[in-house]
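Let me begin by presenting the structure, written as structure tokens, before commenting on it.
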Amino acid sequence: MAIDLFNTLSGTVEPLAPEQANELRMYCCGPTVYDYGHIGNFRTFLHVDVLRRVARLQGMKLKHVMNITDVDDKIIRNAAAANMPISEYTAKFERAFFEDMEALGVERPEIVPHATESIPDMVSLIQTLAKEDIAYRADDGSWYFRIAKFPDYGKLSKKDFEGIEDGARVDVDEYEKDSARDFALWKAEKNGEASWQTDLGTGRPGWHIECSAMAMKHLGPTFDLHAGGEDLMFPHHENEIAQSESATHKPFARHWFHVRFLLVEGKKMSKSEGNFFTLRDLLLKGYRASAIRFLLLSVPYRHQMNFTFEGLTESANAIDRLRTFAERMRTAIFSGEENSELAALIAEKQQAFDAALATDLNTAEARAAMFDVVRAANSAADQNKVSAENAKAILVFLQRFDSVFDVLTDRDQKITKAALDWAEKEGRIGEAAEGLVEAAGLSDNEIQKLVDERTLAKKQRNFARADAIRNELAEKGVLIEDSKDGVRWKRK
RNA sequence: GGCGCGGUACCCAAGUGGUAAGGGAGAGGUCUGCAAAACCUUUAUGCGUCGGUUCGAUUCCGACCCGCGCCUCCA
């Protein structure tokens, strides 16, 4: 099944067709490691992760490159404010970034190059452009890209630059450019800021050049797909195209994938709006990593998504239902006769699941297909109409579902605990939600001991004691469920 | 101003030229010592408004209203 995917460049949904049929070679703009990642960042990476996983489900191998931008204005500014060397500062936030990605179940791309390790590649790319007079050196030693030399400029973001007057809005410190639209390839060293001595002079790279250089270094002049947040479409990706195609005279990425913005409480997230959240903020508030992942994936990537705390709670509940169901399918003994009706439904829904994902990554519809099976199978199981074969087929589907959504395995406790440890170290433990520290401190053994005690009390028909234990555990976020197959408990 | 997206039940949300998936929440019920879990029933004659095309529109077209994003090295 081919994956149909919207291509920003063509403006239509078209089959994702890797040049080498069984390998998807893609580039995704990675983080600038100047601070902790916020949930908007992660929405993008999460949907790129889904793309990866769906491609793999369709039998493709992956060569996925994601850069780390470890030098830029914000980094220089923040590192100075923190009184840390830049490399130490960026290392800290890069580490945090990958911890967060792991917490959210985002797979690590195959290749993760750093901007600061790719300077020579950028320099040589700029030199190539300079040979054709596309790159030019300004009086202060900075290098710019001459947009007039690239007639296709604007083809990605569908902007028509004809008629825009040069110099209409020139910044004071940009007066050296030939045209206001020209963008920096290389910034001359100033004020003793981070710089490299190169054949272009002493300075540091402009933002866009790093992605062109790193993408082409690892994927060649033309590759299958380029991804990023919608805001990167212009100017970042437009500039990448201009630089790369001017240098190689070949098409750059063939398919462009953009994830639309996340809104929080109906507004674009921003610190001044007070609706700005990092992953760690949410973990400290007591929300589970799996719920955050599931919520961020519940709205397809091409739609704006409005993030709410209510939504997080709903997602957590939905995951609980899935996990309970998966556990039931794994552990219950199914002695029913083969239920061909159920078997047909499972097959049909699994197909619907695949089809939904292959249709521009419709995660909402894919989700629904899984839930259709949950309800039908639970219902059948209640009537003892599930065969061992049925259960097996359901487990296969669940695994397929989880190979994309990755929420069934409960890593939440561990992740929350790690977040609390981090908060302790950073002096932010005061922000932790009430009871969170206590709940995290409660070990499985301690819980089991209380559960056993309650079971004994129940046997002795000492219901008052049993209920007291249940309430005590509930206060610490542990729910007890009695069933025919014994007592289960889970952390809420 | 230019470009683009969206307005579907209490909340989130999918979708189609032929009469509204799924999740969460609420209500009632079955089960249970009581709960929980699970299941059953139930919650939009309705898909922003007004026109048009059509045998038929939520789905196509037009206008309007509302919300949002990009056009500033913000995912």
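Here the first sequence stands for residues 20 to 511, numbered as in this note's numbering. We treat Cβ as the ideally placed atom computed from N, Cα and C, and that holds for glycine.
Is the segment 62-74 in contact with the segment 314-321, if contact means three or more CB pairs nearer than 8 angstroms? Two segments are said to touch when three or more pairs of C-beta atoms, one from each, lie closer than 8 angstroms; by this definition the segment 62-74 touches the segment 314-321.
For the alpha helix (DSSP H) containing K209, list its first residue and its last residue. Counting from one through the first sequence, the residue named residue 209 turns up at place 190. No alpha helix (DSSP H) holds K209; DSSP gives it neither H nor E.
Would you report the Cα separation of H274 and A115, rounded to the nearest angstrom? By one-based count along the first sequence, residue 274 stands at place 255. By one-based count along the first sequence, residue 115 stands at place 96. Distance between the alpha carbons of H274 and A115: 30 angstroms.
Does DSSP put V426 in a helix, in a strand, or in coil? Counted from its first residue, the first sequence places residue 426 at position 407. Here V426 sits in coil by DSSP.
Decide yes or no for the touch test of the segment 98-109 against the segment 149-157: beta carbon pairs closer than 8 angstroms, at least 3 of them. In the pairwise beta carbon analysis, the segment 98-109 is classified as not touching the segment 149-157: fewer than three pairs are separated by under 8 angstroms.
Which complete alpha helix (DSSP H) runs does the segment 457-497 hold, if anything under 4 residues is left out? Positions of the alpha helix (DSSP H) runs, each at least 4 residues long and wholly inside the segment 457-497, are given as 463-478, 482-494 in order along the chain.
Just reading off the alpha helix (DSSP H) that M235 is part of, what are its end residues? Stepping through the first sequence from its first residue, residue 235 is reached at position 216. For M235, the uninterrupted alpha helix (DSSP H) run begins and ends at 226-238, by DSSP.
What's the C-alpha gap between I311 and H83? As a first step, residue 311 must be located in the first sequence, where it is residue number 292. As a first step, residue 83 must be located in the first sequence, where it is residue number 64. Cα-Cα distance, rounded: 24 angstroms.
Which of helix, strand or coil does DSSP assign to Y155? Start at 1 with the first residue of the first sequence, and residue 155 comes out as number 136. When secondary structure is reduced to three states using DSSP, Y155 falls in the strand class.
Please report how far the alpha carbon of P319 lies from the alpha carbon of A476, in whole angstroms. Residue 319 sits at position 300 when you count from the first residue of the first sequence. Residue 476 sits at position 457 when you count from the first residue of the first sequence. C-alpha of P319 to C-alpha of A476: approximately 49 angstroms in a straight line.
For the alpha helix (DSSP H) containing T512, list its first residue and its last residue. Lying before the first or after the last residue shown, residue 512 is absent from the chain, which here runs from 20 to 511.
Those residues which DSSP pairs with V392 across a bridge: Within the first sequence, numbered from 1, the residue matching residue 392 stands at position 373. Partner(s): none; V392 has no beta bridge.
Quick check: what's the CA-CA separation for L123 versus V423? Taking the first sequence and counting its residues from 1, one reaches residue 123 at position 104. Taking the first sequence and counting its residues from 1, one reaches residue 423 at position 404. Approximately 12 angstroms between the Cα atoms of the pair.
Quick check: K368 and D391, are their CB atoms within less than 8 angstroms of each other? If you number the first sequence from 1, residue 368 lands on position 349. If you number the first sequence from 1, residue 391 lands on position 372. Between K368 and D391, the gap from beta carbon to beta carbon is short of 8 angstroms.
Excluding the 5 residues flanking V131 on each side, which residues of the same chain have their C-beta closer than 8 angstroms to its C-beta? Here the question's residue 131 lines up with position 112 in the first sequence. Taking C-beta separations shorter than 8 angstroms and ignoring five residues to either side along the sequence, the partners of V131 in its chain run G49, V84, M85, N86, I87, following chain order.
A246 to K177 span [Cα, whole Å]: Translated into the one-based positions of the first sequence, residue 246 becomes position 227. Translated into the one-based positions of the first sequence, residue 177 becomes position 158. Approximately 17 angstroms between the Cα atoms of the pair.
Contact check, P270 vs T297, beta carbons under 8 angstroms: The residue you call residue 270 lines up with position 251 of the first sequence. The residue you call residue 297 lines up with position 278 of the first sequence. The answer is no: Cβ separation not under 8 angstroms.
Taking the straight line between their C-alpha atoms, what separation do you get for R165 and R127? Here residue 165 refers to the residue found at position 146 of the first sequence. Here residue 127 refers to the residue found at position 108 of the first sequence. Going from the Cα of R165 to the Cα of R127 covers about 36 angstroms.
Taking only three categories from DSSP, how would you classify H133? Position 114 of the first sequence holds residue 133. DSSP places H133 in strand when its eight states are reduced to three.
Residues bridged to W508 by DSSP? Translated into the one-based positions of the first sequence, residue 508 becomes position 489. According to DSSP, which records beta bridges pairwise, W508 is partnered with I499.
Can you confirm whether the segment 261-268 touches the segment 419-438 when touching is taken to mean that 3 or more C-beta pairs between the two stretches lie within less than 8 angstroms? Short answer: they don't touch.
Taking Cβ to Cβ, would you say R489 is nearer than 8 angstroms to R473? Position 470 of the first sequence, counting from 1, holds the residue named residue 489. Position 454 of the first sequence, counting from 1, holds the residue named residue 473. In contact: R489 and R473 (Cβ atoms closer than 8 angstroms).
When you compare each of E212, S137, D201 to I95 by their alpha carbons, which one comes out closest? As a position in the first sequence, residue 95 is number 76, starting the count at 1. With distances taken between Cα atoms, I95 lies closest to E212.
In angstroms, rounded to a whole number, what distance separates the CA positions of E184 and I153? Indexing the first sequence from 1 puts residue 184 at position 165. Indexing the first sequence from 1 puts residue 153 at position 134. Caution applies to E184, whose pLDDT of 43 falls short of 50 and renders its modelled position unreliable; the value that the coordinates give is listed next. Answer to the nearest angstrom: the Cα atoms are 20 angstroms apart.
According to the Cβ coordinates, are L469 and L455 closer than 8 angstroms? Translated into the one-based positions of the first sequence, residue 469 becomes position 450. Translated into the one-based positions of the first sequence, residue 455 becomes position 436. Taking a C-beta distance under 8 angstroms as the contact criterion, L469 and L455 do not qualify as a contact pair.
Roughly how many angstroms lie between the CA atoms of V69 and E346, to the nearest whole one? Along the first sequence, one-based indexing puts residue 69 at 50. Along the first sequence, one-based indexing puts residue 346 at 327. Cα to Cα, the separation comes out at about 24 angstroms.
Do the segment 229-241 and the segment 130-144 touch if we need at least three Cβ pairs shorter than 8 angstroms? These segments touch.
Rounded C-beta distance between I145 and A377? I'm assuming under 8 angstroms. Residue numbering aside, residue 145 sits at position 126 when the first sequence is read from its first letter. Residue numbering aside, residue 377 sits at position 358 when the first sequence is read from its first letter. Not quite, the Cβ-Cβ distance comes to about 40 angstroms (not below 8 angstroms), so this is no contact.
Answer yes or no: do L543 and A74 have a C-beta to C-beta separation smaller than 8 angstroms? A question about residue 543 goes unanswered here, because the residues of the chain that appear run from 20 up to 511.
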